[in-house]
Structures are given as structure tokens and as C-alpha cells.
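Heads up, this note's numbering is the position in the sequence shown plus 49, with the first residue counted as 1.
Notes follow once the structure below has been shown.
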Amino acid sequence: MRKNLKAKTLESLSSVLPITAIVLALSFTLAPDMPAGTLMMFLLGAILLIVGMGFFSLGADMAMMPMGDGVGGEVVRLSKRSLLPVLPLVFLIGAFITMAEPDLQVLANQVPAVPDLVIILTVAAGVGGFLVVSVLRTLRGRLPLRTLLLGFYLIVFALATFVPREFLAVAFDAGGVTTGPITVPFIMAFGAGVAAVREGKGQAEDDSFGMVALCSIGPILAVLLMGLCLSGTEIAYTPFTVTDTFTSREAWLQFAQHFPDYMGEVALGLLPVVAFFALFQIFSLHLKRDSLIRLLVGIVYTYVGLVLFLTGVNVGFMPAGNYLGDAIARLPYHWVLIPIGMVVGYFIVAAEPAVHVLNKQVEEVTGGAIPQRAMNLSLSIGVAVSVGLAMTRVVTGVSILWFLVPGYAAALLLSFKVPKIFTAIAFDSGGVASGPMTATFLLPFAMGACSALGGDVLTDAFGIVAMVAMTPLITIQCLGAVYQRKLRRTVEITAAEASALGSDGIIEFDDV
50 MRKNLKAKTL ESLSSVLPIT AIVLALSFTL APDMPAGTLM MFLLGAILLI VGMGFFSLGA
110 DMAMMPMGDG VGGEVVRLSK RSLLPVLPLV FLIGAFITMA EPDLQVLANQ VPAVPDLVII
170 LTVAAGVGGF LVVSVLRTLR GRLPLRTLLL GFYLIVFALA TFVPREFLAV AFDAGGVTTG
230 PITVPFIMAF GAGVAAVREG KGQAEDDSFG MVALCSIGPI LAVLLMGLCL SGTEIAYTPF
290 TVTDTFTSRE AWLQFAQHFP DYMGEVALGL LPVVAFFALF QIFSLHLKRD SLIRLLVGIV
350 YTYVGLVLFL TGVNVGFMPA GNYLGDAIAR LPYHWVLIPI GMVVGYFIVA AEPAVHVLNK
410 QVEEVTGGAI PQRAMNLSLS IGVAVSVGLA MTRVVTGVSI LWFLVPGYAA ALLLSFKVPK
470 IFTAIAFDSG GVASGPMTAT FLLPFAMGAC SALGGDVLTD AFGIVAMVAM TPLITIQCLG
530 AVYQRKLRRT VEITAAEASA LGSDGIIEFD DV
């Protein structure tokens, strides 16, 4: 176990070092006046990030994934007796896990005109409702995922034309922030557990993904409906505040002050997952003692990892991101925000803890046909493009719909051209890529830049999470198109070789 933890920590080190190096380079070149305390907090946050990701990754493998898989399988078995009692339980699982997602708290705090609890309950209801839809799709299998995605996104964009501009970006961001480090591992494993019980290996592989994709739509629809109900309400942005720190001692005190907050938040977030699993264990799973001990150790690792990770990114990365965005936007050549944002986006996705969970599950379910390296490259390219587009919005003030409508249209059209499993993986990837690193570094970066340029933060800076969630839908499906083309060429070559074999199994050559 110690060997595995060391390997996971080294993996997280390689993921976090590039973004750390970029921030250091910017702080010594384009933003040389960054306060020493802010830089110190960023470096301390990076250390916590590396250690936290190591613990979290190991804990997800040992506990979160097995729990989700076990609960998903039991839901299917219970549904064979009667489906109606199972659906409220599925709704509660989705709603309670979402309510304690830390990224959702960050988003809710930025819209002061609407009480935090209203936003949180609205988003939680959206996730719970669409988790029910996901389970029904997997169990009944009557509607393909792409048909559901097409139908629901048509409804989303139809509603978007009537919702006040201030709610648009917040609604689409809500779809991204709800799929964070607590929600994603459990829901992905839950979906795999539900699909695995069904008959047919190919069908199970196709249905193993797509649950995160559908659960990302629920919050968007829910917040859009809330925006329609509150159409007469004027909402405002709460300016980002940074606590001044000048020494390493003051920087460390900032972390020490916030540790108890995140210890409580993570405990609250993990509690519903553990509680639901405990109920299934008591009444139906009945796992053996060794398996339970391993799960308990995994839960502890997950808890420690998330506390360290979230404290590091929220306390250390948010001030640095906000300062860099502000400083770069004040340069005479502020257009440089776009290429810098693309470089940051390319490397920052590797530091998202849930991305590692997704890539590993994709490789396992597809038997190595879709390697983690290909997934990482596709996600990095997608996020780089999305952050570049988001910075373009910050600089120009163009409406987010000018990017989201053609982007989702392209993604949905591609879904009819690539294998079904790539569509499911792609739409899952969008939610996974827009995690806590986006909410706590890229969003403050965009806010700082937007404020410096005199733009409207709610309409121009918000929406970066939505942009990050959109472009992987296209890049991963493009990966699927390339994969499909290579597979066809392999089949054609194999067929040609077979036709060249004689009756005795020896390759025949033409006379020379």
C-alpha cells in the first residue's frame, strides 16, 4: 500500500509541476509585482495539491470506485423486484452527494442576490433527477444516449433564449462544477456497476459511461428554470477579495485557518456516500471483513487527500489566479491573455483529480483500446481551446451563446458519426475536466482579467467552466473517429492477408 501511495504521489507530482512552473514564470516576467505572500501561498498550495492528489487517487481506487460499483449492482438487482421504490433512492443519492460538492459552494457564493441554499438545492435536484433518467436509460435501454443528449440540449438552448443574460453563464457553469472530485468517482463507478449487471459485454461497455454526461445537464436546466422564475431579480457579482500576506508565517496561518473548514466540508461530502453504502452493506452486499477494512482505509485516504487538495487549491491557487489575470489584463498588449490562457488550460487539466479516475476507467473498460495517454492529450487540447475561447470572451465581451451553440451542435452531430462508447466518454469528459482546478484557478484568473478590463464579470468571466466542459466533447469524439478509421484499416489489412493465404496456410506470391 505504501508503494502504491508513492507511485500515486509521483504521478500527481508530474501532473502539478507544469502548471506550477507556468505560474512561477509568469510571476517573474509579466507579473513581477506579485506579493511575496501570494506567491508563497501558491507554492504551499502546490505541495498540498501534490500530496492530496496522491492520497485521493489511491483512496478512489480502494474505496470510492468499489462502493459505487457495489451500490450500482445492487440497485439493478433491487429493480428486478420493483423499480418504483428504487428511483427515489437513486434521486437521493444524486442530490445528497451534489449538495456537499465543494465547487458548488464556490459558485453559490458568487451570486449573492440568490440565497446559497436556493442555488444548492436547485442544482442538487437537477443532478438527482437526471441520475434517475440515467439509471432508467441503462436499465431499459430503449433510447440511445445521443438521442437523449440531443433532446435535452435542444430544450436547454430553447430555454436559454428566454433567460436573463446574468443567469446564462451561471447556469452552464453549474453543469460543470457539480461533477467534482466527490461526485465523479462514485457516479462513474455507480454507472459501471449498473451496466455490468446487464447482459452483453458490448452493451455493458457502452452503458458504463454517460451517467456523468446526463447528470451535467440537470443543473443547467434547473438553474435556467430558476432564472426564469427570478427574471425580475437583479443579480450582482461579489468582488473577489484576497487577504494580504507578507511572510511565510502569515501564508501558513492562512492554510491553518481554513483547514477546519475543508475538513468539515469533505466529511459532509463523503457522509452520504458512506451512509448509502453502509445501508446496502447491512441489507444486501454483505462484504467480507478484509474487503471492508480495505474500504475503510480507502475512505480515510480519500478524506485526507480531498482535505489537502481542496485547502491547497482554494487557499493557495485562487489568489494567485486572480492576481495574474488582473496583472496581465493591465498590460498594453492584454490580448496575450488568450495564448497564455491556452497554455495554462493545456497543462491544468492534468491536475484535476477526477480526470485520472476517468482515464483509468476508460482504459480498463475498453481493454486498453483507448489508452490514458490518448485521453490526456485529447483533454488537454480541448481545455486549451476552451480557455482560449473564454479569454476571447473576456477581452471582447461577446455572448457565451456564440460559442456554446455551435460547439454543442458540432458535438451532437459528431455523436452520429462515431462509436457510441466515444460519445458517452466524451460527454462524461466534459463534466470531469471542469473540476476544482477550473473553479479555483481559471475562474479567478478570468475574474481578475475581466475586472481589470472593466467588463461585466457575471456575463463575461463566468462561463469559463462551461467552456471547459464543452470542447472535450469535440476532441474526444474526434479521437473516436481516428480510432474507428484505424480499426477499419486494420480489419481491411487482416482481410487482405487472409485472402492471400493458400489452402495449406502458406502465403501465395505472384510469379516473378
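For every residue, glycine included, the Cβ atom is placed at its ideal position computed from N, Cα and C.
The model shown is predicted, which means the values in this text are computed figures rather than measured ones.
Short Cβ contact (8 Å threshold) for residue 194 with residue 267:
Not a contact, by the Cβ cut-off of 8 Å.
Suppose only complete runs of 4+ residues qualify. What are the alpha helix (DSSP H) ranges in the segment 447-503, listed by chain order?
The DSSP assignment places 450-463, 469-482, 492-502 as complete runs of the alpha helix (DSSP H) inside the segment 447-503, in order along the chain (cut-off: 4 residues).
Short of 6 Å in beta carbon distance, which residues of its chain neighbour residue 69, apart from the five on each side in sequence? Order them along the chain.
The answer, listed in chain order, is 95.
Assign residue 228 to one of three DSSP states: helix, strand, or coil.
Three-state DSSP puts residue 228 in coil, outside helix and strand.
For residue 461 and residue 203, what's the separation of their Cα atoms in angstroms?
Roughly 10 Å between the two C-alpha positions.
What are the start and end residues of each continuous alpha helix (DSSP H) run of 4 or more residues lying completely inside the segment 345-403, in chain order?
Listed in chain order, the complete alpha helix (DSSP H) runs (minimum 4 residues) inside the segment 345-403 are 367-378, 386-397.
Residue 250 (DSSP reduced to helix, strand or coil):
Note on residue 250: pLDDT 46, under 50, position unreliable in the model; no value is reported.
Relative to the C-alpha of residue 299, which residue among 84, 223, 61, 105 is closest?
Closest option to residue 299, Cα to Cα, is 84.
Is the separation between the beta-carbon of residue 517 and that of residue 482 shorter than 8 Å?
Going by C-beta atoms, residue 517 is nearer than 8 Å to residue 482.
May I ask which residues mark the beginning and end of the alpha helix (DSSP H) holding residue 77?
Note, residue 77: alpha helix (DSSP H), 51-77.
Would the segment 373-393 and the segment 322-340 be scored as touching if the rule is three or more Cβ pairs under 8 Å?
The answer is no - the segment 322-340 does not touch the segment 373-393, with fewer than three Cβ pairs under 8 Å.
Considering only C-alpha positions, which residue in the set 274, 231, 273 is nearest to residue 261?
Measuring from the Cα of residue 261, the nearest candidate turns out to be 231.
Hey, is residue 142 close to the ligand NAP, as in C-beta under 7 Å from one of its heavy atoms?
Judged by which ligands are present, the structure shown has none, so any question about the ligand NAP falls away.
Using 10 angstroms around the beta-carbon of residue 311, count the other beta-carbons present and answer buried if the total reaches 16, otherwise exposed.
Burial of residue 311 is indicated by the presence of at least 16 other C-beta atoms within 10 angstroms of its C-beta.
Could you tell me the distance, in whole angstroms, from the CA atom of residue 55 to the CA atom of residue 367?
Roughly 27 Å separates the two Cα atoms.
So, for residue 116: in the same chain, excluding its five sequence neighbours on each side, which residues have a beta-carbon less than 6 Å away from its beta-carbon?
Within the same chain, 326 come within 6 Å of residue 116 by CB-CB distance, once the 5 residues on both sides are set aside.
Output yes or no for whether 8 Å exceeds the beta carbon distance between residue 225 and residue 514.
It is a contact, given that the beta carbons lie within the stated cut-off.
Any idea what DSSP makes of residue 152, helix, strand or coil?
Reduced to three states, the DSSP call for residue 152 is helix.
So what does DSSP say about residue 140, is it helix, strand or coil?
Residue state, collapsed to three classes: helix.
Looking only at its chain, what residues have a beta carbon closer than 8 Å to the beta carbon of residue 525, apart from the 5 residues adjacent to it on each side?
Same-chain partners within the cutoff: 424, 427, 428, 431, 471, 474, 475, 478.
Hey, how far is the Cα of residue 450 from the Cα of residue 519?
So the two alpha carbons sit approximately 12 Å from each other.
At least 3 beta-carbon pairs within less than 8 Å: the segment 159-178 vs the segment 212-227:
The answer is yes - the segment 212-227 touches the segment 159-178, with three or more Cβ pairs under 8 Å.
Local conformation of residue 430 per DSSP, three classes
Helix.
Of the residues 105, 382, 135, 510, the one placed nearest residue 400, counting alpha carbons only:
Taking only the C-alpha atoms, the option nearest residue 400 is 105.
Going by alpha carbons, who is nearest to residue 187 out of 239, 234, 207?
Taking each of 239, 234, 207 in turn and checking the Cα distance to residue 187, the smallest one comes out for 239.
From 126, 467, 98, 508, residue whose alpha carbon lies closest to that of residue 333
Relative to the Cα of residue 333, the nearest Cα in the group 126, 467, 98, 508 belongs to 126.
Thinking C-alpha only, which one of 102, 362, 535 is nearest residue 152?
Closest in C-alpha terms to residue 152, from the list 102, 362, 535, comes 362.
Report all residues from its chain with a CB closer than 6 Å to the CB of residue 433; omit the five preceding and five following residues, and keep chain order.
Non-local C-beta neighbours of residue 433 in its own chain, meaning closer than 6 Å and more than five positions away in sequence, comprise 391, 394, 395, ordered along the chain.
Assign residue 305 to one of two classes, buried (16 or more other C-beta atoms within 10 Å of its C-beta) or exposed (fewer than that).
Flag for residue 305 reads exposed.
If I measure Cβ to Cβ from residue 511 and keep anything under 7 Å in the same chain, skipping five residues before and after, which residues do I get?
If we look at residue 511 and ignore the five residues flanking it on each side, its Cβ neighbours are 218, 219, 222.
Sequence-distant residues of its chain with Cβ nearer than 6 Å to residue 405 (five each side left out)
If we look at residue 405 and ignore the five residues flanking it on each side, its Cβ neighbours are 106.
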